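In what follows, a structure is listed as structure tokens, so that the remarks can point back to it.
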Ligand SMILES: [Zn+2]
């Protein structure tokens, strides 16, 4: 079975002059897919716009309408909280096709049309809350996909893994009291949005179903691999997901200007290999990723190529960028032990 990707040219039309979350990000990804020969190994899936019913599984109708109106009036920044986030003329349409594109990918994988899939969408989503957007995000694509899988597609348990360098605060808030969606998030501590402390573990019936790993600057491939092996894998085995969704952000790359982590593109390859192995073991290989951040354009572009190589089952990946000139901070056993104890492992 093959690997699919979702793409639509409208994802480039969500754009704002000088903003780091720019169309260039996806243009560079497109270029790298062509230059590396990766595109010819993948199947293109055409996205369907998300229906309002499915959008409202997660978002307040009033908030959705406000995005639509801002776009219709020519665009602008979100008001108040989230004023770093823009709505351009085509952003509403792009956001409907971004969340719709991820759901299209989930449906195709659940039908068995493809083994796994990666939605190369913009705008990103994991900072969008039910009733407001922030952090360059308008619609929470992964939350809409997880909620749609739960409500409409017969899935009872969804694991969301978020390796973007920023905490997926919107996703966390949407599922904080929901035991059917386990949210596992690794983020650099001390940067936007300021949440994602290890003590945030869910509430009510969802207590224990949110797992946060705040990270010190400088940790890289070694620490991420240990976290996937020693924390994520046993938690996933305990949870027994029927579908694994991934907020794939490439801003942990060492060259990224918004983060201070030291992950390489080879690191993204080995992390995705671990996700493929977990999904093979636990849920018939059902694994669907969605693009979140990543602002070092080459690190992002070849990180996406590396991810596809792992999704296709390649045994190795030649990282054209290579490691940082500075050494990464070694993995810290004591911290891993503390996290494991906190989560009953
Ligand atoms: Zn990010």
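Numbering (my numbering), first residue to last: 121 to 465. Yeah, the Cβ is synthetic: ideal placement off N, Cα and C, and Gly gets one too. On a predicted model such as this, the values are computed, not experimentally measured, just so you know.
Enclosing beta strand (DSSP E) for residue i [first to last residue]
| i | result |
| --- | --- |
| residue 331 | 330-335 |
| residue 289 | Per DSSP, residue 289 belongs to no beta strand (DSSP E); it is in the alpha helix (DSSP H), 289-295. |
| residue 298 | Neither: residue 298 is in no beta strand (DSSP E) and is coded neither H nor E. |
| residue 281 | 278-282 |
| residue 164 | 163-165 |
| residue 125 | 123-126 |
| residue 389 | Segment 385-403 is the alpha helix (DSSP H) holding residue 389; no beta strand (DSSP E) there. |
| residue 409 | 407-411 |
Start-to-end residues for the alpha helix (DSSP H) that takes in residue i
| i | result |
| --- | --- |
| residue 149 | 143-155 |
| residue 367 | Not the alpha helix (DSSP H): residue 367 falls in the beta strand (DSSP E), residues 363-368. |
| residue 461 | 453-462 |
| residue 234 | Careful: residue 234 lies outside any alpha helix (DSSP H) and carries neither H nor E. |
| residue 343 | 341-347 |
| residue 186 | 181-192 |
| residue 177 | Looking at the DSSP string, residue 177 is not in any alpha helix (DSSP H), and its letter there is neither H nor E. |
| residue 354 | 353-359 |
| residue 311 | Counting along the chain, residue 311 falls outside any alpha helix (DSSP H), and DSSP gives it neither H nor E. |
C-beta contact flag for residue i and residue j at 8 Å
| i | j | result |
| --- | --- | --- |
| residue 126 | residue 190 | no |
| residue 239 | residue 221 | yes |
| residue 304 | residue 326 | no |
| residue 322 | residue 315 | no |
| residue 406 | residue 229 | yes |
| residue 281 | residue 178 | no |
| residue 437 | residue 386 | yes |
| residue 349 | residue 460 | no |
| residue 420 | residue 145 | yes |
| residue 143 | residue 135 | yes |
| residue 285 | residue 378 | yes |
| residue 237 | residue 408 | yes |
| residue 141 | residue 251 | no |
| residue 333 | residue 318 | yes |
| residue 311 | residue 335 | no |
| residue 65 | residue 264 | Residue 65 lies beyond the range of the chain shown here (121 to 465); nothing can be said about it. |
| residue 399 | residue 364 | yes |
| residue 391 | residue 123 | no |
| residue 297 | residue 324 | yes |
Which listed residue (the options) has its alpha carbon closest to that of residue i
| i | options | result |
| --- | --- | --- |
| residue 139 | 402, 256, 447 | 256 |
| residue 168 | 184, 419, 461, 214 | 214 |
| residue 388 | 202, 449, 439 | 439 |
| residue 449 | 380, 156, 200 | 380 |
| residue 416 | 390, 384, 136, 431 | 384 |
| residue 357 | 347, 420, 402 | 402 |
| residue 266 | 193, 361, 346, 375 | 361 |
| residue 454 | 390, 343, 400 | 343 |
| residue 396 | 430, 363, 382 | 430 |
| residue 339 | 447, 264, 376, 457 | 447 |
| residue 260 | 153, 290, 335, 147 | 290 |
| residue 423 | 269, 149, 320 | 149 |
| residue 248 | 129, 451, 132, 201 | 201 |
Which residues end up in the neighbourhood of ligand 1 when you take C-beta atoms closer than 6 Å to any of its heavy atoms? Output, sorted by chain position: 284, 285, 286, 369, 371, 412, 413.
Any chance the region 271-280 sits against the region 232-239, with 3 or more Cβ pairs inside 8 Å? Between the region 271-280 and the region 232-239, the count of Cβ pairs shorter than 8 Å is below three; the stretches do not touch.
Cβ contact check for the region 369-383 and the region 200-212: 3 or more pairs under 8 Å: Contact between the region 369-383 and the region 200-212 is absent: fewer than three C-beta pairs spanning the two stretches fall below 8 Å.
Sufficient close CB pairs (3 or more, under 8 Å) joining the region 397-416 to the region 240-247: Short answer: they touch.
Should the region 457-465 be called in touch with the region 276-291, which here means at least 3 C-beta pairs below 8 Å? The region 457-465 is not in contact with the region 276-291.
For the structure I just gave you, are there three or more beta carbon pairs, one from the region 158-165 and one from the region 176-191, closer than 8 Å? Contact between the region 158-165 and the region 176-191 is absent, because fewer than three Cβ pairs lie under 8 Å.
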